[in-house]
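Only one structure is covered here, and it is reproduced in the block below.
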Amino acid sequence: MTVKKSPLQVARQAYQPKMPIALQGNLRLVEGKKTQSVADQEEIAKLFPNTYGLPIIEMEPVAESKVESQKSKAETFNVGVILSGGQAPGGHNVISGLFDCLKAMNSQNKLYGFLGGPSGLVDGKYQELTADIIDEYRNTGGFDIIGSGRTKLEETWQFDNGIEVCKRLGINAIVIIGGDDSNTNACVLAEYYLQKKCGIQVIGCPKTIDGDLKNEMIETSFGFDTACKVYSELIGNIQRDANSAKKYWHFIRLMGRSASHIALECALQSQPNICLISEEVEAKNMTLNDIVEQIVEVIVDRSKAGLNFGTILIPEGIIEFIPAMRVLIQELNDLLSKNDEFASLEGDEAKREYVKSMLTPASCDLYRSLPKGIARQLTLDRDPHGNVMVSQIETEKLLIEMVGKRLAQLKAEGIYTGKFSALNHFFGYEGRCAIPSNFDADYCYSIGQAAMHLIAAGKSGYMALIRHLTRPASEWLAGGVPITMMMNLEKRNGKMKPVIQKALVDLNGAPFLYLKKHRAEWADANTSYIYPGPIQYYGPTEVCDQPTRTLRLEHGEK
Ligand code: FBP
């Protein structure tokens, strides 16, 4: 049966991603200075004796065939690839970049995909990725080529299973495409395999729509660009509807886990009336009521000008940044981690009573004050890394309810005379598997190629690196960064663990400062809305190839 495709799908299959000059021909690896972890240097160095302190690597183009590779062209070698965590547009291009580079080195080399995420490695579930399979997935969204999963690689039996599976398949290197937690796993695995001297290298690739895997070296994670462009299109469409009908307030929650990068980027692209930033809520020590007051103030002001409509962007993780809520969530994390008693209770009421009986008085009061639905959502299962699944907490509905109540009070006092009709939205899954923008298609393909060159040079414990991303792709810089460089110690499931430090929104950074400078005018004006429209794949470069506003502002754009 032939699979039907849209004309765009067909056209995208033929798209040739743009790449940095260094990856277009022969290259050599240049090692920079030794590195240090971002914090807790002594502890991290002890935990990672083989992968700590490695140098940063840059890939430089060279004129003739002087490729610095520990693997000669005659030698065949096989690579295994894992997609880990939430989907992000461009994952298939990382794999096609890897594949093309691996096959260009020696057509006998094989690429294996581990199925369903890290568990595929542990359980020996894999598929060889051949040219016909890869061709079907070039420049497409999704992770369906091999599937993804959130299994945490942390036990030695899992690592040992991995060795067995790799030996069976003749795999010399594993590439883990994932976010901060998955790349932490990649580093732990790299370290273990080096200690065991089993000849299996591990390389990570920076994925997540959340945009929180970035630092001094990694300018952005892949998928952030496409996902934000999809959400911004939807927000723009809603704004145009709001401005046409003039009767609804739209409360729009945006994915992004803890960090507010997605909400901020969407605000920069669409200029809503309000954009909450979790990191600011925390810095100002705001309560839930403070947030409600902030929203109410804008609604009341706009109503005085006859504008009973608007848009509010809410980062999905905001609840964790309200200090009292954070304490409650931390107590719940400690209480519910591996708690068989709680798990065995039947029904929501029994669980609620149990939780109430175990919390400290302050947290118990807060827990009781929340609508029951939200309180229940806070006690849902954590993900395998111990994170609260914020995508399942309907903060936008909580805020609509609280704002509605407060406006009713103000109406009774004669302070508010407007009409409040609110609609809720949650944008998350809509953007995670979109057809990658040109930026993500190019970036990911280049990441895959860079990962392959690191492998060929015998490196392990590195993340593939592409920099200078606001320049044209040909001027991008390729290389590798030691994963230990991004690590610090954090409390997970009640214990201190080495993890890659998450990048939250920097309140002194250019993207946030831009929002801060303009938000009053966006709140009050009849309309300052921008309608970004859908991602364009073909046409003028200023329409099709622009990176996010966040990246451009961070790189000095006014
Ligand atoms: P990653 O950190 O794995 O990239 O996941 C991103 C994300 O989309 C978050 O924004 C969201 O909170 C979470 O995944 C949702 O998880 P799930 O796919 O398990 O529902």
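Oh and the sequence shown: position 485 is 1674 in the working numbering, straight run, nothing missing.
Positions of the beta carbon are idealized from the N, C-alpha and C atoms, including for glycine.
This structure is a prediction, so every number in the text was calculated from the model and none was measured.
Kindly indicate the opening and closing residues of the beta strand (DSSP E) around residue i.
i: ILE1140; result: Any property of residue 1140 remains undetermined from this structure, which presents the chain solely from 1190 to 1747.
i: ASN1528; result: First-last for ASN1528: undefined, no H or E at that position.
i: LEU1272; result: 1267-1273
i: ASN1361; result: 1360-1367
i: PRO1140; result: Past the boundaries of the shown model lies residue 1140; the chain is included only from 1190 to 1747, so the question cannot be answered.
i: TYR1301; result: 1299-1303
i: VAL1219; result: 1216-1223
i: LEU1212; result: From DSSP, LEU1212 is part of no beta strand (DSSP E) but of the alpha helix (DSSP H) over 1210-1213.
i: TRP1651; result: According to the sequence provided, residue 1651 is Tyr. The question's Trp does not apply to it. Start and end: 1651-1656.
Any heavy atom of the ligand FBP within a distance shorter than 8 Å of the CB on residue i?
i: GLY1445; result: yes
i: VAL1176; result: Because the chain spans 1190 through 1747 in this model, residue 1176 falls outside it and cannot be assessed.
i: GLN1566; result: no
i: ARG1621; result: yes
i: GLN1750; result: Because the chain here runs from 1190 to 1747, residue 1750 falls outside it and cannot be looked at.
i: ASP1537; result: no
i: VAL1579; result: yes
i: THR1224; result: no
i: LYS1396; result: yes
i: ASP1749; result: One cannot answer for residue 1749 here, as it falls past the ends of the chain, which runs 1190 to 1747.
i: GLU1454; result: no
i: ASP1399; result: yes
i: SER1626; result: no
i: SER1273; result: yes
i: GLY1280; result: no
i: ASP1629; result: no
i: ARG1339; result: yes
i: GLY1330; result: no
i: GLU1505; result: yes
i: ASP1414; result: no
i: GLY1393; result: no
i: GLY1617; result: yes
i: ASP1570; result: no
Which two residues bound the contiguous alpha helix (DSSP H) that contains residue i?
i: ASN1677; result: Counting along the chain, ASN1677 falls outside any alpha helix (DSSP H), though it belongs to the beta strand (DSSP E) covering 1676-1681.
i: ILE1233; result: 1230-1236
i: PRO1250; result: Looking at the DSSP string, PRO1250 is not in any alpha helix (DSSP H); the run it does join, the beta strand (DSSP E), is 1244-1250.
i: HIS1614; result: First-last for HIS1614: 1611-1616, but that is the beta strand (DSSP E), not the alpha helix (DSSP H).
i: TYR1632; result: 1627-1645
i: LEU1197; result: 1196-1202
i: TYR1543; result: 1537-1547
i: ARG1741; result: 1738-1743
i: GLU1748; result: Any answer about residue 1748 is impossible in this case: the structure gives the chain only from 1190 up to 1747.
i: ALA1293; result: 1280-1294
i: ARG1491; result: 1477-1493
i: ALA1472; result: 1467-1472
i: LEU1310; result: 1307-1312
Which residue's Cα is closest to the Cα of residue i: the options?
i: ASN1372; options: ALA1472, VAL1354 and VAL1270; result: VAL1270
i: ASN1404; options: GLY1722, GLU1746 and LEU1693; result: LEU1693
i: ALA1623; options: THR1549, PHE1609, LEU1525 and PRO1723; result: PRO1723
i: ILE1245; options: ALA1712, SER1717, LYS1684 and MET1675; result: MET1675
i: GLU1232; options: PRO1395, PRO1687 and GLY1745; result: PRO1687
i: GLY1650; options: PRO1671, TYR1326, THR1659 and GLY1603; result: PRO1671
i: ALA1200; options: GLN1725, ARG1741 and ARG1595; result: GLN1725
i: GLN1213; options: SER1558, ALA1472 and PRO1250; result: PRO1250
i: SER1296; options: GLU1264, LEU1304 and ARG1327; result: GLU1264
i: PRO1729; options: ILE1604, GLY1330, ASN1627 and LEU1291; result: ASN1627
i: ASP1490; options: GLY1425, GLY1607, ASP1430 and GLU1542; result: GLY1607
i: ARG1446; options: LEU1678, ASP1401 and THR1191; result: ASP1401
i: VAL1577; options: THR1191, ALA1456, ILE1507 and VAL1732; result: ILE1507
i: VAL1732; options: LEU1654, LYS1684, LYS1418 and ASP1333; result: LYS1418
i: PHE1237; options: TYR1382, ARG1515 and GLU1530; result: TYR1382
i: LEU1696; options: PHE1531, SER1467, PHE1616 and LYS1594; result: SER1467
i: LEU1658; options: VAL1268, GLY1683, ALA1630 and GLY1647; result: ALA1630
i: GLY1305; options: PRO1278, ASP1324, PHE1531 and ILE1366; result: ILE1366
i: GLY1617; options: GLY1313, SER1449 and ASN1350; result: SER1449
i: CYS1387; options: ILE1363, ASP1399, THR1409 and SER1410; result: ILE1363
Tell me the start and end of each unbroken alpha helix (DSSP H) in the segment 1559-1598 that is at least 4 residues and wholly inside, in chain order. Annotation note: the segment 1559-1598 contains the following uninterrupted alpha helix (DSSP H) runs of length 4 or greater, listed N- to C-terminal: 1561-1567.
Secondary structure, beta strand (DSSP E): runs of 3+ residues fully inside the segment 1660-1732: 1666-1671, 1676-1681 and 1684-1689
Report yes or no: do the segment 1268-1287 and the segment 1355-1374 share at least 3 C-beta pairs separated by less than 8 Å? yes
Residue ranges of each beta strand (DSSP E) within the segment 1381-1465, 3 or longer: 1390-1395 and 1438-1443
Decide yes or no for the touch test of the segment 1709-1718 against the segment 1461-1468: beta carbon pairs closer than 8 Å, at least 3 of them. Of all C-beta pairs linking the segment 1709-1718 to the segment 1461-1468, three or more are shorter than 8 Å, placing the two stretches in contact.
Counting pairs of Cβ atoms below 8 Å between the segment 1654-1663 and the segment 1207-1226, do you hit three or more? Contact between the segment 1654-1663 and the segment 1207-1226 is present, because at least three Cβ pairs lie under 8 Å.
Contact between the segment 1504-1520 and the segment 1737-1747 (3+ Cβ pairs under 8 Å): no
Report yes or no: do the segment 1274-1291 and the segment 1631-1651 share at least 3 C-beta pairs separated by less than 8 Å? Judged by pairs of C-beta atoms under 8 Å, the segment 1274-1291 touches the segment 1631-1651, as three or more such pairs exist.
Please determine if the segment 1432-1442 and the segment 1583-1602 are in contact, where contact requires at least 3 C-beta pairs separated by less than 8 Å. yes
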